[in-house]
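Undergrad: My structure is below; once you've seen it, I'll send some questions.
This is how it looks when you write it as structure tokens:
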């Protein structure tokens with residue numbers, strides 16, 4: 064069985080664990096967590112998964128988003144430091160509202176970065192004033208294997224910005240290579256919660272049946288094998304190659 068080699072749980076403080084469970088419970092409450100083992104989801108990176116999260120639902124629920132953003136800003140302060148960030152940059156499209164809320168609470172400038180230049184007018188890929196040398200925090204709603212952050216980070220660096228940190232509300236926390244993919248670019252990944260936290264939050268709460276919970280655990284313990292068995296990619300290299308082909 065292929066185990067997840069980069070434990071997202073390592074080095075967590077008690078505050079981190081509490082924040083993760085609070086976030087997981089909120090996501091369950093607003094029904095942002097979806098489960099479909101009989102018809103697996105295909106993630107943008109090519110992985111097959113019996114579980115899917117729709118972080119965009121957070122936008123619709125004021126109390127949920129307020130609490131999650133409070134936790135996000137606290138996490139950023141604890142793990143990065145408020146004075147280490149000059150601007151918050153959202154990744155198109157899902158990262159933009161989260162970046163705006165975080166920037167507002169931190170009282171920092173905010174911008175957003177497109178997946179590619181818009182192709183007309185100024186042909187800009189970055190919207191907002193991001194001067195050369197500005198220390199930016201790249202924000203998105205979630206990440207599976209970290210690959211989607213590379214394009215945004217490269218665009219910011221090409222513009223002269225400094226990108227050493229990225230923050231997401233949700234990190235799948237199971238697929239291999241995520242931290243290494245970003246670490247190779249000198250970028251640290253920060254998140255509030257993972258699927259392991261969701262599984263813990265579900266315990267005794269009857270969100271999933273016992274059978275469904277067992278299937279989720281099988282996926283979490285061997286994501287590569289589970290994905291391959293259900294027709295998805297089976298390695299980080301395969302996922303990166305598929306993503307590069309799609310973006311070509």
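Numbering (the numbering used here), first residue to last: 64 to 311. We put the beta carbon where it would ideally sit given N, CA and C, even for glycine. Note that the structure is predicted; figures quoted are calculated from it, not measured.
By a C-beta neighbour count over all protein chains shown, 10 Å radius and 16 as the cutoff for buried, is residue 236 buried or exposed?
TA: Buried: at least 16 other Cβ atoms inside 10 Å.
Undergrad: Buried or exposed, going by whether 16 or more other CB atoms sit within 10 Å of the CB of residue 306?
TA: The residue in question, residue 306, is buried, as its Cβ has 16 or more Cβ neighbours within 10 Å.
Undergrad: Give the DSSP-derived three-state secondary structure of residue 83 in the structure shown.
TA: Reduced to three states, the DSSP call for residue 83 is helix.
Undergrad: Nearest chain B C-beta to residue 256 closer than 9 Å, yes or no?
TA: The displayed structure is made up of one protein chain only, and chain B is not part of it.
Undergrad: For a test of the three-state rule: what should DSSP assign to residue 215, helix, strand or coil?
TA: Here residue 215 sits in helix by DSSP.
Undergrad: Compute the Euclidean distance between the alpha carbons of residue 164 and residue 132, then round it to the nearest angstrom.
TA: So the alpha carbons of these two residues sit roughly 7 Å apart.
Undergrad: Could I get the ranges of all uninterrupted beta strand (DSSP E) runs contained in the stretch 182-264, with 3 residues as the minimum, in chain order?
TA: You should have 198-206, 225-234 and 251-256.
Undergrad: My guess is that residue 204 and residue 161 are in contact by the Cβ rule of under 8 Å, so how many angstroms apart are they, rounded?
TA: With a Cβ gap of about 6 Å, residue 204 and residue 161 count as contacting.
Undergrad: Taking the continuous alpha helix (DSSP H) assigned at residue 165, which residues delimit it?
TA: Here the alpha helix (DSSP H) through residue 165 covers 158-169.
Undergrad: Count the other C-beta atoms from every protein chain shown that fall within 10 angstroms of the C-beta of residue 145, then say buried if there are 16 or more, exposed otherwise.
TA: Label assigned to residue 145: exposed.
Undergrad: Please work out which residues of its chain come closer than 8 Å, Cβ to Cβ, to residue 148, disregarding the five sequence neighbours upstream and downstream, and give them in chain order.
TA: Answer for residue 148: 139, 169, 171, 198, 199, 200 and 228, listed in chain order.
Undergrad: How big is the Cα-Cα spacing for residue 298 and residue 285?
TA: Roughly 11 Å between the two C-alpha positions.
Undergrad: Give me the Cα-Cα distance between residue 99 and residue 84, rounded to the nearest whole angstrom.
TA: Rounded to whole angstroms, residue 99 to residue 84 spans 22 Å at the Cα level.
Undergrad: Look at the alpha carbon of residue 81 and the alpha carbon of residue 141, and state the distance between them as a whole number of angstroms.
TA: If I take the Cα positions, the gap works out to 14 Å.
Undergrad: Go ahead and pull the three-state DSSP assignment for residue 105.
TA: Note: residue 105 maps to strand in three-state DSSP.
Undergrad: Please report the distance separating the alpha-carbon of residue 211 from that of residue 188.
TA: If I take the Cα positions, the gap works out to 15 Å.
Undergrad: May I ask which residues mark the beginning and end of the alpha helix (DSSP H) holding residue 148?
TA: Looking at the DSSP string, residue 148 is not in any alpha helix (DSSP H), and its letter there is neither H nor E.
Undergrad: Could you check if residue 282 is buried or exposed, using at least 16 other CB atoms within 10 Å of its CB as the buried criterion?
TA: By the neighbour-count rule (16 or more Cβ atoms within 10 Å), residue 282 is buried.
Undergrad: Taking the C-alpha atoms as reference points, what is the distance between residue 291 and residue 256?
TA: Each residue's alpha carbon lies about 25 Å from the other.
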